[in-house]
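Reviewing the structure listed below.
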Amino acid sequence: MKNDIILAGVGGQGILSIATVIGQAALTEGWYLKQAEVHGMSQRGGEVQSHLRISTEPIHSDLIPQGKADLILSLEPLEALRYVPWLAPDGCVITSSVPFLNIPDYPEIGEVHAAVKALPRHILLDTDALVKEVNAPVQAANMVLLGAAIPMLGIELEIVKEALQKVFARKSEAIVQTNIRALEAGYAYACK
Amino acid sequence: MKHILLGDEAIAQGAIDAGLSGVYAYPGTPSTEITEYIQLSENKCPRGIFCQWATNEKTAMEAALGMSYMGKRALVCMKHVGMNVCADAFVNSAITGVNGGLVVVAADDPSMHSSQNEQDSRFYAKFALIPCLEPSNQQEAYNMVQYGFDLSEKMHVPVLLRVTTRMAHSRAVVNTADEPARQNELSMPADPKHFILLPAFAKRNYADLLKAQPLFTLASEQSGHNQYTRGTDPTRAIVACGIALNYVEEAAVADGASILKITQYPLPLALIRQMVNDGVRDILVAEEGQPVVEELLRGLVPSEITIRGRLTDDLPRMGELSPDCFQNGKSEMSNGKCEMSNDKSQMAKLVLPGRPPSMCQGCGHRDMYTALNEVAREYDAPRIFGDIGCYTLGALSPFHAIHSCVEMGASVTMAKGAADAGQYPAYAVIGDSTFTHSGMTGLLDCANCNADVVILISDNLTTGMTGGQDSAGTGKLERICMAMGIPEEHVRVVVPLAKNMDEMKAVIREETNYHGTSVIIARRECIQTLKRKARK
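One line per chain: the protein sequences are L and C, in this order.
Read in order, the letters of the first sequence are residues 3 to 194 in this note's numbering.
Read in order, the letters of the second sequence are residues 98 to 633 in this note's numbering.
Take a look at the structure:
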């Protein structure tokens, strides 16, 4: 069992929290894990990506080879498309449909959505609408996205929830519950 | 105990568990998290480890050498270009030797994710004639710090631990010790003269260092860190250094070739001889950074053996490696910005614009640049010399403000050199932390000849680019500038906000029209550190 995941988004959107929760869940399951992330200059509103690999077998490379990712998990639709060369032929793209507009030459959003929909396996979800539905702030959009990925992770919802609680332990119980609601909303959306 | 740790964090935990007494560092991507981890650990469970940020890499290296002199274990951490800043202290610490273990961590940044060059710190270890360790994974990084301290104390020299971005900033599960080892007791060096580098003493020390070289090689051959595995087809071999080994294994390209794993230098001559004796005809050298081992091997094996690598275009000459470099043979480096040339349906039609980093909305550097640009435009051919930090992004749209960015502190002295050459107006833009790191001495040069320059210190009260570490000059900048010899009336302070634009422009104009050295401090807290405080 292995899962090679590319996490994508714009600096500050919270992709590293997704990686931390999945990592914690993988540790609970006794899986191997490698996760390469980008720090420094790339944080300032620029594109951010992280390679997350979890496996029941030892993992060699910190980076996923092109054409081998099982999953692209993105908080921004244009950023999801950027990593399609890494996607395996039977890989899946799960991305928020909400664009992050901080560049002048952002393509027409309809074209971006169409490109995602043209991929053989994809989930395009309106993370902003989903967080609103469960009365969570937009900052919890990352947990909606993670929830939507759970059916493909090979890790049970309950284990991910526990991991989330551990990772967010230093925050208030209210914040933990908000994020769990967001996680469940994403999960329910993907299971529909 | 099992933890998920960044390579940097594994190094930090390894150092704590090895009985560390002090970490000395200046923040720099990708090395910053080592010191931050130790600071956090000290907050939670104090062991009396000194862990306050140093003003620059040179002061860090020297203080660490002082701690080592007293018999305690000290760690120095920096990004690769920091090695240039501390080179004098570093190279000479190999001549003085050490008392307590001294490990220097250099975090290289191939592909220049957040740097100005791709220099390979392994050259520095070779230059200083000391051992170098290059872990291939996070567990090795953890283990090697302990080994590095032991080796340093056994050989009486500092040991360089070299990592690259991909190791520093990648997480994996690491097994750590349950309890940290005891810290060393205070002790004086056995031969205190060793630390006095008068030529007569230095000659003796240098002879000792040269004599120790075979011992370093022997350690490389016997420590187990370097391993030769004879393949089913030993006429081919892959020499894989540090994390390059992972890419070789991932791509499964060995196909019966022998593997020589290198994670400790100097090169293990006995293992190389074994590879040659097994009849190798073709060697591929996989190494992250510059072709250090590839060049060395050319002088070590018979010339009829083919050596391939970055120098022969079998691997890309620049940029970091990836598994794809091996799978595709001569693959171009992608850096996550691969051309969308493949036929993934709609993708080919859509051009994906890049999303470069930019200064945060609400950042004081933005207002500083707006004011400076507007005033500078009133003059013929103004030149603005920039420096290293978030404000370097002022080179990009919409500001296009700066004309140079070279290395820490260069804004001040380049502006001076330009003014010496006859340029007017000559501005320098430098952050508060970069100013205390390496700008202060340049300002003294300016003051001593009253150079016709305007130095703008964009003071956000933190080391912003690396994530908001304490800045050495906070609360002291005006006094520092005046002490350097800048008249009080030409040390001006403004608050970079849109509502203060007229005042800021007036101050910049006045100081531009003053034909001598002036300093304008544009001071407003970093928007990121401010947000973080508000959340607490």
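From the three backbone atoms N, C-alpha and C, an ideal C-beta is built for every residue, glycine too.
- CA-to-CA, the gap between residue 186/C and residue 92/L works out to about 55 angstroms.
- By the C-beta density criterion, residue 477/C is exposed, having fewer than 16 other C-beta atoms within 10 angstroms.
- Taken in chain order, the unbroken stretches of beta strand (DSSP E) that lie wholly in the stretch 342–386 of chain C and span 3 residues or more are 355–359, 379–383.
- For residue 12/L, the residues of chain C that pass the 7 angstroms Cβ criterion are 452, in the order they occur in the chain.
- For residue 560/C, the secondary structure class from DSSP, reduced to helix, strand or coil, is strand.
- For residue 158/C, the closest alpha carbon among the candidates 146/C, 143/C, 360/C, 123/C is that of 123/C.
- Of the residues assessed, residue 329/C falls on the exposed side of the cut-off, its CB having fewer than 16 other CB atoms within 10 angstroms.
- Segment contact: the stretch 102–119 of chain C against the stretch 234–250 of chain C, three or more CB-CB distances shorter than 8 angstroms; contact assigned.
- The beta-carbon of residue 420/C is placed less than 9 angstroms from the nearest beta-carbon of chain L.
- Cβ contact annotation for residue 210/C (same chain, cutoff 7 angstroms, sequence separation greater than five): 262, in chain order.
- Excluding sequence positions up to five before and after residue 145/L, its CB lies within less than 6 angstroms of the CB of 181, 184, 185, all in the same chain and listed in chain order.
- Measuring C-alpha to C-alpha distances from residue 37/L to each of 5/L, 147/L, 172/L identifies 5/L as the nearest.
- Along the stretch 327–344 of chain C, the positions whose C-beta sits under 9 angstroms from a C-beta of chain L are 340, 342, 343, 344, read in chain order.
- Beta bridge pairing from DSSP links residue 303/C with no other residue.
- At a cut-off of 9 angstroms, the C-beta of residue 526/C has no neighbouring C-beta in chain L.
- In this structure residue 335/C is in contact with residue 345/C, their Cβ atoms being roughly 6 angstroms apart against a cut-off of 8 angstroms.
- Ranking 566/C, 264/C, 398/C, 290/C by CA distance to the CA of residue 151/C puts 566/C first.
- Between residue 37/L and chain C, the shortest Cβ-Cβ separation is below 9 angstroms.
- Residue 110/C: member of the alpha helix (DSSP H) spanning 104–114, first to last residue.
- If you keep only unbroken alpha helix (DSSP H) runs of at least 4 residues inside the stretch 307–332 of chain C, you get nothing at all.
- Along the stretch 259–273 of chain C, going in chain order, the ones with a CB nearer than 8 angstroms to a CB of chain L are 263, 264, 266, 267, 268, 269, 270.
- Counting only unbroken stretches of 4 or more residues, the alpha helix (DSSP H) elements lying wholly within the stretch 89–128 of chain L are 111–119, in sequence order.
- Here residue 497/C is exposed, its C-beta having fewer than 16 other C-beta atoms within 10 Å.
- Going by beta carbons, residue 461/C and residue 621/C fall inside the 9 angstroms limit.
- Residue 378/C is positioned such that its CB atom lies no closer than 9 angstroms to that of residue 355/C.
- By the beta-carbon neighbour count (other beta carbons within 10 angstroms, threshold 16), residue 396/C is exposed.
- With a threshold of 16 other beta carbon atoms within 10 Å, residue 155/C meets it and is buried.
- Rounded to the nearest angstrom, the Cβ distance from residue 365/C to residue 314/C is 7 angstroms, consistent with a contact under 8 angstroms.
- Counting C-beta pairs with one atom in each stretch, the stretch 103–116 of chain L and the stretch 148–165 of chain L have fewer than three that are closer than 8 angstroms, which means they do not touch.
- Judged by their CB atoms, residue 77/L and residue 15/L are nearer to each other than the 9 angstroms cut-off.
- The beta-carbon distance between residue 170/L and residue 178/L, rounded to whole angstroms, is 5 angstroms. This is short enough to meet the 8 angstroms contact definition.
- Taking 9 angstroms as the cut-off, the Cβ atoms of residue 201/C and residue 167/C do not count as close.
- If you draw a straight line from the Cα of residue 302/C to the Cα of residue 260/C, it comes to about 29 angstroms.
- Rounded to the nearest angstrom, the Cβ distance from residue 602/C to residue 468/C is 5 angstroms, consistent with a contact under 8 angstroms.
- Contact with chain C is found for residue 64/L, since one of that chain's Cβ atoms lies less than 9 angstroms from the residue's Cβ.
- Among the residues of chain C, none has a CB under 9 angstroms from the CB of residue 7/L; the nearest is roughly 13 angstroms distant.
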